[in-house]
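Quick notes on the structure that follows.
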Amino acid sequence: MSMPTVVLIAGLVMILAGCVGLIRTHHMLKIIIGLEVAMKAVTVFIILGGFLNGRMALAQAFVVTVIVVEVVTAVVLSGIAISLYRKHGSMDIRNLRSLKG
Amino acid sequence: MSSILNGIPYVFVAAPLFAFILNNAVPRERMRSHAVALSGGVAALQLAAAILGFALLAASGRGEVRFGLFWSVDAAGAAYLRVNLVSLFLLLCVGFVALASALTAAKTIDDHRCSFANLFMALLLGMNGMLLATDLFTLYVFLEITGTASFVLIAMYKSSKGLEGAFKYLTMSALATIMMLTGLALLFMHTGSLAFADLGAAALSGASGEMDILCYGALALLISGFAIKAGAAPFHSWLPDAHQSADTAVSILLSGIVIKIAGAYGFIVLVELFGDLYAVRLSVAALGVATIAFGALLALVQTHFKRIAAYSSVSQVGYILFGIAAGSPLGLVGALLHVFSHAAFKSTLFSGAAALHEQLGTLDIEQMGGLQKNMPVTGFASVTSFLSAAGVPPFAGFWSKLLILISLWQAGWIGLSAAALGLSILTGAYFLRLQKKVFFGPRNPRWDDVKEIGGTIRASQIVLSAVNLGAGLCFPLVLLYLQSIGLI
Amino acid sequence: MIVAVYICLGFMLAFGVIAIMSDGLITAAITLAVTSAASGVLMYLLGAKWAAAFEISVCSGLVTVIFISAVSLSSGDKTKLPAEYQDSRRTKRLPAVLIVAGAALMCAAALTGFSLPAGDAAQTGLTFGETLWETRQADVWGQMIALITGTAAIVVFFKESENR
């Protein structure tokens, strides 16, 4: 089994871990952790793509952009979490049940 | 003429950027009263530029206009920006809905006007960027910008419900981002480039003539990611919460254009690139039928005006997906026209919601009734919205649905075509229920003194109803024109 | 080099799962930073020097700072989450699930004979700087717009109160 295949499988496992963590957690800030873990694996995939195709410069440009966008997402998510904390006094997702239907 | 045509695309990027800078450069106290007007001005400018650009491009016979902001588009492998007829039409829709939203916002946004204008410009930039991109990665970047601006717009007043709606939307969107990026990374591993020109079913097959399991996985992930962003069933759960809890001006933007550009346009791109693969089109069609059904059935049991409208948006996006899935030029035209007619009638409906909220203070339809006498303009606008949504001629909705049904028929999916026709009866049903409960039926004595809304919301309702009816009356001309250029 | 890649991969995976399963927020932040560092080293080994530097400085540094400032702005118990969150309990079976998934994928790859090409192709084309500024400038514009959207978001969320 070649090295890129192992990296691919390990990355897929990591993405699965991140998605499960994102969905299963009850704490608002742990969602950021799940998202970040999955994003690590995705950036490694992009670099692996550059490695395999000889387009490392392009892959690095992609990775830099992805990292910037991911940081902005994390900031917005923490902003919403903190505002919700100020409203409800807790970071528990189960408090968010007022919209129904 | 050609220099005007070459210059027009810059408007779509430069105008919102310039307005953003202006909004922040002028001191807040002076800017406050003009912020929404500035946004409205940019939206009107975009609408005008898109109409002009569409007419010029169609007349000149060029396929597309390429441009770059500060870089040369002819450099090898450069990711240039471009406008073609499809993107100009969608840019027109963006400008149209943005204008409707700005007209409503003039009345409903009382606080944080400068922030609203900032985010509005960011949202416009995000959507315009998506439509101008020629590379899947650029599409992704501007999709994220659109999403971020939407989350913050929904949560802008930091009300409990607004924050909750934004949070749910953000979580689902994060999942969608992970899926889409994984799909993009797998495609990149296979082809080494993400430009539209370099992708396509042929490129994926490679030397062996068969597709890798990696490519199937990539396509499945991309389709799922865009489905979540579009609010297609079974991933639609975030949409009603987000649209209901946002301020009405923001709901107009979300329902009217964001779900279509962020979601449906992604499908347009996917089918354009990979439509030769039957599996891709079939999955889009499957998503379409599930979405129409879920949206319509869930809309029948709601009691909050905006929630009914949100589920209705979910349902109508299903029709757009049908048109895209058919894969033919007629299907694409039907889908695009449905984007326009849905933008028109949904904006009308949400303007009516804004009017009701301003005058009554509540949006619970169980408490309303018999408002036709008090608010005749709102009632009339709502009726035009209902007739257009249900697909009654001569309104715009009738023509777009007809084209979609015909394209499905031509693609050989007779069963789906019949299902779409049948499900539109459900559309009529939930809208009829809405009309009956709000405007007709016994009047709740609480509302005896309620007056009609004035100002910009009344104006926007009248204009939008006129567009609904006028577009419907003009459609046969559009069809004749399309036939003359040989599209149908 | 391959051994080093595998070691980094192992660290990344292990610390990532620990970050997801951990009960304490500060522990989660620090293990996330270690995961980012491991990912950065992995990228460097594969030949992406610029991306590795960016990843380590931004993800290992900036995101950890953002997270910890979010944690301190919400003054809950930082070191241990209250019992109701129970994240370590809710994700207790995660390592087992992941091992099963990994094994299943490896079997599938071995059975179908799927394998990515092993060697690295010769690096062609422009340098990183030229690629970013000449061919992908649309993305750079996108980054700038994303950042200004982020600043607008910060103004909305973190401003205490606005005078009319």
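Chains as they are written, first to last, in our numbering: chain A, 8 to 108; chain B, 38 to 525; chain C, 51 to 214. Backbone N, C-alpha and C fix where the C-beta goes; we use that ideal spot for every residue, glycine too. All figures in this text were calculated on a predicted structure; none of them were measured in a lab.
C-beta contact flag for residue i and residue j at 8 Å
i      : j      : result
B/P100 : B/Y117 : It should be pointed out that residue 100 of chain B corresponds to Gly in this sequence rather than to Pro. Contact flag unset, no.
B/E181 : B/D278 : no
B/G364 : B/I441 : no
B/P46  : B/V120 : yes
B/G407 : B/P479 : yes
B/G262 : B/M216 : yes
A/K153 : C/T114 : Because chain A here runs from 8 to 108, residue 153 of chain A falls outside it and cannot be looked at.
B/A299 : B/T183 : yes
C/I70  : A/I39  : no
A/G28  : A/V44  : yes
B/F477 : B/S425 : no
B/A92  : B/L129 : no
B/N505 : B/T415 : no
B/G72  : B/C151 : Reading off the sequence shown, one finds Ala at residue 72 of chain B, where the question assumed Gly. Cβ atoms of B/A72 and B/C151: closer than 8 Å.
C/A78  : B/T175 : no
C/A83  : C/S124 : no
B/L358 : B/L324 : yes
B/A427 : B/I329 : no
B/I494 : B/A390 : no
B/L218 : A/V49  : yes
B/L169 : B/V131 : no
B/A433 : B/G355 : no
B/K195 : A/S97  : no
Interface partners of residue i on chain B, CB under 7 Å
i      : result
C/A79  : Ordered by position in chain B, no residue passes the 7 Å Cβ test against C/A79, which lies about 18 Å from the chain.
C/T199 : A159, I182, T185 and A186
C/G192 : G166, T175, V178, F179 and I182
C/F178 : Ordered by position in chain B, no residue passes the 7 Å Cβ test against C/F178, which lies about 14 Å from the chain.
A/A45  : I215
Contacts of residue i in chain C (Cβ-Cβ under 9 Å)
i      : result
B/A234 : Result: empty, since nearest Cβ-Cβ is about 13 Å, beyond 9 Å.
A/V83  : T199, G200, A203, I204 and F207
B/A456 : Near B/A456 there are no residues of chain C at all, since even the closest Cβ is about 36 Å away, more than 9 Å.
A/L42  : Those do not exist, as A/L42 stays about 10 Å from chain C at its closest Cβ, beyond 9 Å.
Per DSSP, cross-strand counterpart(s) of residue i
i      : result
B/E101 : B/N121
B/D401 : B/H341
B/D172 : B/A232
A/D99  : A/H34
Under 8 Å from the C-beta of residue i: neighbouring residues of chain C
i      : result
B/F107 : Q187
B/S261 : Going along chain C, no residue has its Cβ under 8 Å from B/S261, so there is no contact; the nearest lies around 18 Å.
A/V20  : L63, L148, A151, G152 and L155
B/F57  : I198
Beta-carbon neighbours of residue i, restricted to chain B and to distances below 8 Å
i     : result
A/K94 : K195, S197 and L200
A/V73 : L218
A/V49 : I215, L218, T219 and A222
Residues that residue i contacts on chain A, provided the C-beta gap is smaller than 8 Å
i      : result
B/T208 : L29 and I38
B/L212 : C26, L29 and I30
C/A160 : M8
C/E184 : Correct list: empty, because the minimum Cβ distance to chain A is about 10 Å.
Within chain B, partners of residue i - CB distance below 9 Å
i      : result
C/W100 : Simply none; closest approach about 17 Å.
A/I53  : L218, L221, A222, F225 and M226
C/S164 : In the sequence as presented, Ser is not what sits at residue 164 of chain C; that position holds Phe. Under the 9 Å cutoff, chain B gives D249, I250 and L251.
A/V76  : Y177, V178, E181, I182, T185 and T214
Proximal residues of chain C, C-beta to C-beta of residue i below 7 Å
i     : result
A/R62 : G175
A/L65 : T181
A/L23 : L148 and A151
Interface residues of chain A facing residue i [CB-CB closer than 7 Å]
i      : result
B/F204 : I87, L91 and L103
B/A299 : Here the premise fails: no neighbours, minimum Cβ distance about 14 Å.
Proximity test, residue i beta-carbon vs the ligand GTP heavy atom, cut-off 7 Å
i      : result
B/L223 : The model depicted lacks the ligand GTP and carries no ligand whatsoever.
Under 9 Å by beta carbon: chain A residues contacting residue i
i      : result
B/V189 : V83, G86 and I87
C/R139 : Chain A residues near C/R139: none, gap ~10 Å exceeds 9 Å.
Relative to chain A, which residues along the segment 215-226 of chain B have a C-beta separation below 9 Å, given in chain order?
I215, M216, L218, T219, L221, A222, L223, L224, F225 and M226
If contact is defined by three or more beta carbon pairs under 8 Å, each pair taking one atom from either stretch, is the segment 52-72 of chain A in contact with the segment 221-228 of chain B?
They touch, by the three-pair rule.
I'd like to know if the segment 134-142 of chain B and the segment 64-81 of chain B are in contact, where contact means that at least 3 CB-CB pairs between them fall below 8 Å.
yes
Take every Cβ of the segment 113-121 of chain C, pair it with every Cβ of the segment 136-154 of chain C, and state whether three or more of those distances are shorter than 8 Å.
no
Quick test of the definition: if touching needs 3 or more C-beta pairs under 8 Å, does the segment 331-338 of chain B touch the segment 461-468 of chain B?
Touching, yes.
Does the segment 442-450 of chain B touch the segment 365-379 of chain B, meaning 3 or more C-beta pairs lie closer than 8 Å?
yes
Quick check: the segment 376-395 of chain B against the segment 450-459 of chain B, are at least 3 beta-carbon pairs closer than 8 Å?
Contact fails: fewer than three Cβ-Cβ distances are below 8 Å.
Would you call the segment 284-293 of chain B and the segment 247-259 of chain B in contact, with 3 or more CB pairs under 8 Å?
no
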